[in-house]
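This report refers to the structure that appears directly beneath it.
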Amino acid sequence: MHHCSRAAVPALLVSLSALLSGCSGSLTPPGSGVRILPGGPLPGLTRTELASFERGKLVFQRRFEPEEGLGPRYNATSCESCHSEPTVGGSAPLYRNFYLCMLGAPGRQTPLPGLGSAVMPAFGNGHDFTTEAGRPVLADASGAQLTVAQRNALPLFGVGLFEFVSDATLLARADPNDEDADGISGRFNTDGGNLGRFGVKAQSNNVEVFTRAPLMNQMGVTSDPFMGSGAIVSLGRLQVSTNPDMPTTDLDSHPDPEITSRDLGDLIAFTRFLAPPQPIRPFSAEAERGEALFETLRCTACHVPELRSSRGAVRAYTDLLLHDLGPELADGLGFGVPQAASLAPPTAAGEFRTQPLWGVTLSAPFLHDGRAETLREAIELHGGEAGASRTSFQALTGAEQSDVIAFLEHL
Ligand SMILES: [Ca+2]
Ligand SMILES: [Ca+2]
Ligand SMILES: [Ca+2]
174 MHHCSRAAVP ALLVSLSALL SGCSGSLTPP GSGVRILPGG PLPGLTRTEL ASFERGKLVF
234 QRRFEPEEGL GPRYNATSCE SCHSEPTVGG SAPLYRNFYL CMLGAPGRQT PLPGLGSAVM
294 PAFGNGHDFT TEAGRPVLAD ASGAQLTVAQ RNALPLFGVG LFEFVSDATL LARADPNDED
354 ADGISGRFNT DGGNLGRFGV KAQSNNVEVF TRAPLMNQMG VTSDPFMGSG AIVSLGRLQV
414 STNPDMPTTD LDSHPDPEIT SRDLGDLIAF TRFLAPPQPI RPFSAEAERG EALFETLRCT
474 ACHVPELRSS RGAVRAYTDL LLHDLGPELA DGLGFGVPQA ASLAPPTAAG EFRTQPLWGV
534 TLSAPFLHDG RAETLREAIE LHGGEAGASR TSFQALTGAE QSDVIAFLEH L
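Position one of the sequence shown corresponds to residue 174 (the numbering used here), numbered consecutively onward.
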């Protein structure tokens, strides 16, 4: 790997990595501005919110020990283990991937016996399964359909703003039966009651659930809920080990809950108030041409540049809806209870939430399991509803394709 060719390195890191690799100056794309490293709080927070954000960052970075409730099974000891690149709150390289595993047919899938969710813990004791090169294999498969998939960590910069996008905004974009006949049929997902916004299948409604779930499923850290009936039962058990209204519990010797409500509140505040990545301004000439092509190719049919929210415009390049990207990407896991559609099956087994593209270049590798190393590969793996967009991309000249990539690199 020659780091000099990577336009993705944030400018604040440029001087250091240039120094180390001895190739100064060539890390930012020609004609482009400066990349400001994300990781800070949203502007305009109250003093109380800001203090909670700062404390929450420390909880996010805390490495839990078994004496503090880590485990008995876990994949990592801190949130930061998987959300660290290029800085706290970001994503992770491929080696942090974990497996999801469910038994049964989509729609009626259950976690493996003895596990509370689809997440496969790699560490700890008491497994009811064995692994083949790290891949889950049931000791007693007993004929049930076994679905295994991988996940690569998502970056968290700005995602808290999705809570401030109204249901009405999401509903207005849904077109489950493709009534405008453009080949694109986005539909919303729900957690069984409330509209989904979080997770690669938009299976979760709010940051609280998507904080308590990884605490439990990735780290084995139990917690008590804040929201009470505000967070509705997750029918398919999703990534939550129990009803999210309920406290999580486990069988280690540490008394539950294993995180105080103050620490949990601060942890939620950290994710909720992380500012989005700042686009590189001004756009280079290439990026400007690429932006126009991005629209011509109809990438914007799913990667909607801007959603309205009660905290202002959210320029995330997503509609937060589910789309079928074809059999090659489909993972067979039916999280959530998606909007009814005559075109699509009742489960989200073949679908994914449109991944936001703000700051995308900072979060390689790409796609839900990190199978794409480059942005170009990610685009070329779009099929299904995005097949026409991909074909149009492939029909561009090499220079035009580079313009599209340059545009993405500026977001
Ligand atoms: Ca525990
Ligand atoms: Ca449509
Ligand atoms: Ca415990």
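Cβ atoms here follow ideal geometry from the backbone N, Cα and C, with glycine treated the same way.
CA nearest to the CA of residue i, picked from the options
i, options, result
"residue 318", "342, 283, 533", "283"
"residue 346", "556, 576, 527", "527"
"residue 538", "255, 440, 240", "255"
"residue 424", "536, 281, 239", "239"
"residue 368", "341, 355, 212, 245", "341"
"residue 396", "551, 221, 243, 231", "243"
"residue 224", "554, 575, 442", "442"
"residue 379", "280, 297, 339", "339"
"residue 236", "547, 464, 272, 393", "393"
"residue 290", "273, 219, 382", "273"
"residue 574", "470, 519, 261", "470"
"residue 352", "515, 476, 218", "515"
"residue 292", "262, 389, 464", "389"
"residue 370", "217, 231, 221, 525", "525"
"residue 262", "565, 553, 227", "227"
"residue 381", "209, 213, 419, 373", "419"
"residue 264", "332, 281, 218", "332"
"residue 217", "555, 484, 554, 552", "484"
"residue 231", "435, 288, 549, 430", "435"
"residue 281", "556, 464, 320", "320"
"residue 572", "554, 316, 374, 549", "549"
Pair within 8 angstroms by beta-carbon distance, residue i and residue j
i, j, result
"residue 583", "residue 432", "no"
"residue 507", "residue 522", "yes"
"residue 343", "residue 494", "yes"
"residue 330", "residue 447", "yes"
"residue 267", "residue 276", "no"
"residue 328", "residue 536", "yes"
"residue 249", "residue 376", "no"
"residue 569", "residue 540", "no"
"residue 564", "residue 279", "no"
C-beta neighbour in chain E for residue i, strict 8 angstroms
i, result
"residue 490", "Included in the structure is just one protein chain, with no chain E present."
Cβ-based neighbour list, residue i, same chain, cut-off 6 angstroms, excluding 5 preceding and 5 following
i, result
"residue 558", "357, 496, 497"
"residue 387", "none"
"residue 450", "211, 330, 531, 532"
"residue 229", "439, 440, 442, 443"
"residue 246", "294, 297, 393"
"residue 427", "242"
"residue 477", "492"
"residue 209", "451"
"residue 567", "none"
"residue 553", "none"
"residue 464", "580"
Presumed contact (8 angstroms Cβ cut-off) between residue i and residue j, rounded CB distance
i, j, result
"residue 513", "residue 349", "7 angstroms"
"residue 253", "residue 233", "6 angstroms"
"residue 580", "residue 467", "6 angstroms"
"residue 517", "residue 360", "7 angstroms"
"residue 576", "residue 474", "Not quite, the Cβ-Cβ distance comes to about 19 angstroms (not below 8 angstroms), so this is no contact."
Sequence-distant residues of the same chain with beta carbon closer than 7 angstroms to residue i, five excluded per side
i, result
"residue 529", "489, 490, 491"
"residue 472", "562"
"residue 455", "206"
"residue 462", "576"
"residue 222", "442, 446"
Range covered by the beta strand (DSSP E) that runs through residue i
i, result
"residue 526", "524-526"
"residue 324", "319-324"
Host alpha helix (DSSP H) of residue i (start-end)
i, result
"residue 555", "Counting along the chain, residue 555 falls outside any alpha helix (DSSP H), and DSSP gives it neither H nor E."
"residue 275", "Counting along the chain, residue 275 falls outside any alpha helix (DSSP H), though it belongs to the beta strand (DSSP E) covering 271-276."
"residue 506", "Run containing residue 506: none; DSSP gives neither H nor E here."
"residue 435", "434-446"
"residue 497", "Run containing residue 497: none in the alpha helix (DSSP H); it sits in the beta strand (DSSP E), 495-497."
"residue 566", "560-567"
"residue 389", "382-392"
"residue 580", "571-583"
"residue 225", "220-234"
"residue 488", "Here residue 488 belongs to no alpha helix (DSSP H), and DSSP marks it neither H nor E."
"residue 468", "458-469"
"residue 346", "340-346"
Closer than 7 angstroms: residue i CB and nearest ligand 4 heavy atom
i, result
"residue 444", "With respect to small molecules bound, the structure shown includes ligand 1, ligand 2 and ligand 3 and not ligand 4."
Cβ-based neighbour list, residue i, same chain, cut-off 8 angstroms, excluding 5 preceding and 5 following
i, result
"residue 542", "270, 322, 323, 324, 325, 504"
"residue 486", "479, 480"
"residue 547", "537, 539"
"residue 551", "539, 540, 545"
"residue 614", "An answer regarding residue 614 cannot be provided, because it is not within the stretch 174 to 584 covered by the chain."
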